[in-house]
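Engineer: Chains as they are written, first to last, in the numbering used here: chain A, 105 to 433; chain B, 105 to 433.
The beta carbon of each residue, even a glycine, is placed where N, CA and C say it ideally should be.
1. From the beta carbon of residue 433/B, is the nearest beta carbon of chain A less than 9 angstroms away?
2. Near residue 150/B, what residues of its chain come up, given a Cβ to Cβ distance below 8 angstroms and the 5 sequence neighbours on each side ignored?
3. From the DSSP output, which residues share a beta bridge with residue 216/B?
4. Tell me the rounded alpha-carbon separation between residue 329/A and residue 336/A.
5. What residues from the stretch 346-368 of chain B come within 7 angstroms of chain A, judged by C-beta to C-beta, listed N to C?
6. Any idea if residue 105/A is buried or exposed, counting beta-carbon neighbours within 10 angstroms, 16 or more meaning buried?
7. Of the choices 214/A, 114/A, 386/A, 288/A, whose alpha-carbon is the least far from that of residue 395/B?
8. If you reduce the DSSP assignment to three classes, tell me which class residue 415/A lands in.
9. Using a C-beta to C-beta distance shorter than 9 angstroms, which residues of chain C count as neighbours of residue 267/A?
10. Please classify residue 131/B: is it buried, with 16 or more other beta-carbons within 10 angstroms of its beta-carbon, or exposed?
11. With 16 other CB atoms within 10 Å as the buried threshold, where does residue 220/B fall?
12. Counting only beta-carbon atoms, is residue 182/A nearer than 9 angstroms to chain B?
13. Quick check on residue 189/B - is its C-beta less than 9 angstroms from some C-beta in chain A?
14. Helix, strand or coil: which one does DSSP assign to residue 243/A?
15. For residue 264/A, would you say it is in contact with chain B, using Cβ-to-Cβ distances shorter than 9 angstroms as the test?
16. Mind pulling the chain B residues with CB within less than 7 angstroms of residue 292/A?
17. For a contact meaning CB atoms closer than 8 angstroms, what does residue 274/B contact in chain A?
18. From residue 435/A to residue 255/B, what distance separates their C-alpha atoms?
19. Excluding the five sequence neighbours on either side, which residues of its own chain have a C-beta within less than 6 angstroms of the C-beta of residue 372/A, listed in chain order?
20. Can you look up residue 433/B in the DSSP assignment and give me helix, strand or coil?
21. In the DSSP output, which residue or residues are listed as bridge partners for residue 305/A?
22. Among 111/B, 110/B, 133/B, whose alpha-carbon lies nearest the alpha-carbon of residue 413/B?
23. Provide the residue span of the alpha helix (DSSP H) that contains residue 345/B, from first to last.
24. Suppose the cutoff is 7 angstroms on Cβ atoms and the five residues either side in sequence are ignored; what does the same chain contact list for residue 229/A look like?
25. Under 9 angstroms between C-beta atoms, does residue 425/A make it to chain B?
26. Since residue 221/B is in the alpha helix (DSSP H), which residue starts that stretch and which ends it?
27. Are there three or more Cβ pairs, one per stretch, closer than 8 angstroms when the stretch 359-368 of chain A is compared with the stretch 261-272 of chain B?
28. Measure from the C-beta of residue 311/B to each C-beta in chain A and report whether the shortest distance is under 9 angstroms.
29. Could you list which residues in chain B have their beta carbon closer than 7 angstroms to that of residue 295/A, in chain order?
30. Please report the Cβ distance between residue 218/B and residue 183/B, rounded to the nearest whole angstrom; I am assuming they are in contact, meaning their Cβ atoms lie under 8 angstroms.
31. Under 9 angstroms between C-beta atoms, does residue 284/B make it to chain A?
32. Does residue 186/A pass the burial test, meaning 16 or more other C-beta atoms within 10 Å, or should it be called exposed?
33. Beta-carbon within less than 7 angstroms of residue 378/B's beta-carbon, same chain only, minus the 5 sequence neighbours each way: which residues are those?
34. On a CA-only basis, which of 308/A, 293/A, 264/A, 295/A is nearest residue 402/B? Give me that one, please.
35. Hey, is residue 287/B's beta-carbon within less than 9 angstroms of any beta-carbon in chain A?
36. Can the beta-carbon of residue 169/B be found less than 9 angstroms from the beta-carbon of residue 205/B?
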């Protein structure tokens with residue numbers, strides 16, 4: 105059983121950024137490092153990079169590897185959360201069946217837990233976010249993609265082959281725009297950052313809009329941040345795109361509510377950065393598309409850990425598995 | 105702990121039909137009675153009717169009430185599965201906060217468990233259907249309405265206020281047809297029996313179709329059974345309506361798969377009656393709208409207990425709660 109001052113390392117493997125965090129068992133971050141991922145050099149190089157970052161962090165803190173209780177790793181899926189093997193995530197080229205858990209365990213002689221990053225984010229929100237008494241929580245990433253982690257009755261629900269929670273690829277617009285995943289009309293194909301920007305660019309050519317000015321008059325440079333900034337300034341096209349985003353995101357969340365009847369849905373990056381400007385229309389569309397008795401018990405919020413949810417995701421994963429093993433809560 | 109020969113009663117409360125079943129703990133039905141529900145007379149009358157049916161059934165079998173280990177009750181929701189209080193189901197007028205569990209416990213002096221009928225059906229499929237090793241199962245009713253019961257990691261998932269699994273009221277056609285629930289574009293508003301019949305009637309007036317003949321040339325008499333019968337006979341309009349039904353049902357099920365990554369989805373009445381004639385196009389549309397890695401691990405089937413799933417639903421509910429209490433599986 106872990107005590108509050110026990111030290112845990114959290115490793116966050118993203119396609120563009122690696123982060124290493126040192127934390128105690130209360131989820132307080134003691135030190136942190138991050139570097140751009142040397143993704144092109146393949147899995148061995150990235151894992152070596154990660155271990156070097158961890159060793160440098162420990163050195164700075166005057167610690168040895170054996171002073172850690174264990175390591176949690178959050179990584180893009182698909183992966184097997186039991187064996188800790190990674191299966192070709194779209195953002196990590198060349199990671200074909202990489203036994204990440206085993207490799208890091210062998211290198212560090214420490215217990216290692218590997219979890220999908222959206223699930224890990226859900227655990228961080230559950231354990232370290234607002235209101236830790238929550239039992240049923242859905243965490244949604246909303247940035248480059250739309251992912252999800254589902255906590256039911258206080259535990260991550262993994263599904264049959266670790267693919268539960270892929271709520272960004274529910275179909276909310278039959279025969280809608282093509283999604284990177286190969287399907288059509290997925291929530292992600294309309295409401296992810298790049299999808300919001302794509303819709304903005306499609307219309308910005310034909311219509312006078314502040315978005316274009318914010319993007320230095322370069323149509324191709326328009327991002328979702330420009331869309332939200334222009335909408336806040338009252339730009340009519342940008343406001344329509346934000347409203348449409350809230351509408352489809354509202355349908356997607358309403359469908360999750362009708363299926364899972366959760367206590368809270370927490371949404372990452374774009375919702376964190378835009379707060380009620382986005383959440384208010386979003387809640388209105390969720391309410392419109394779900395039952396009052398289901399809507400009333402569920403809070404629709406930005407991730408309560410804000411943009412630092414990623415820092416605690418990997419740590420929460422390790423702590424969670426320890427709690428499961430020891431049967432404590 | 106129950107032994108295989110222990111006797112359990114299952115009571116099934118529907119808006120049009122009441123059923124009482126005597127079973128052993130292996131889920132073998134020993135005797136059964138059913139009667140039309142005296143729904144108009146209100147809850148006291150219906151509960152009295154149900155208890156009289158149970159007493160008559162026991163008398164026939166030469167048993168006393170105290171020879172039963174307990175009673176499971178399956179009833180339309182909304183209801184509280186812990187307290188056993190029923191809150192105004194649409195098909196049971198006047199059932200406002202009826203303490204069903206308490207009333208039946210007081211009348212019989214037996215332990216009573218109350219469960220939502222779709223959840224109870226899911227439990228029956230889990231315990232007594234094909235392949236009892238399944239851990240993650242979604243059961244969908246598909247008749248007057250579309251309901252759902254979700255079994256995750258071997259247990260019914262109830263949600264925050266007993267409203268999980270209302271997958272028939274996910275939105276699959278934004279701004280689509282009005283649903284009885286008050287929303288628009290719900291799966292139920294397109295794919296339930298009455299919704300299939302409604303769409304058939306809308307088109308049958310303008311187009312030559314076998315459906316009209318099957319319904320005695322009375323447009324208003326067309327039912328979903330006529331639609332499927334005409335489609336089997338090659339009728340073009342009926343075939344289009346069946347295909348459209350499979351298309352939207354496919355999207356709804358695909359969305360469930362992306363969220364829950366289950367091992368099996370079992371579908372009631374309409375899928376049971378039409379088998380592969382409906383399930384084959386349905387599976388094609390599910391495949392088209394979900395990820396291969398999620399689709400491959402999930403079987404889309406008709407309820408394996410067929411139309412007798414209702415007989416075992418209430419019994420399975422009682423057994424399940426006993427298993428939970430004793431911690432055995």
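Structural biologist: In short:
1. Its pLDDT being 46, under 50, residue 433/B is placed unreliably in this model, and the coordinates cannot settle the point.
2. 117, 122, 141, 142, 143, 196
3. 175/B
4. 11 angstroms
5. 355, 358, 359, 360, 362, 363, 364, 365, 366, 367
6. exposed
7. 288/A
8. helix
9. Considering every chain present, this structure includes no chain C. Its protein chains are A and B.
10. buried
11. buried
12. yes
13. no
14. strand
15. yes
16. Chain B residues near residue 292/A: none, gap ~10 angstroms exceeds 7 angstroms.
17. 358, 359, 362, 363
18. Given a span of 105 to 433 for chain A in the structure shown, any question on residue 435/A remains unanswerable.
19. 245, 246, 407
20. Only weak support exists for where residue 433/B lies, its pLDDT of 46 falling under 50; the value from the coordinates is given anyway. Reduced to three states, the DSSP call for residue 433/B is coil.
21. Residue 305/A pairs with nothing; no bridge assigned.
22. 133/B
23. 340-364
24. 241, 243, 370, 407, 408, 409, 413
25. no
26. 221-232
27. yes
28. no
29. Within chain B, no residue comes near residue 295/A; the closest Cβ sits about 13 angstroms away, beyond 7 angstroms.
30. 6 angstroms
31. no
32. exposed
33. 332
34. 264/A
35. yes
36. no
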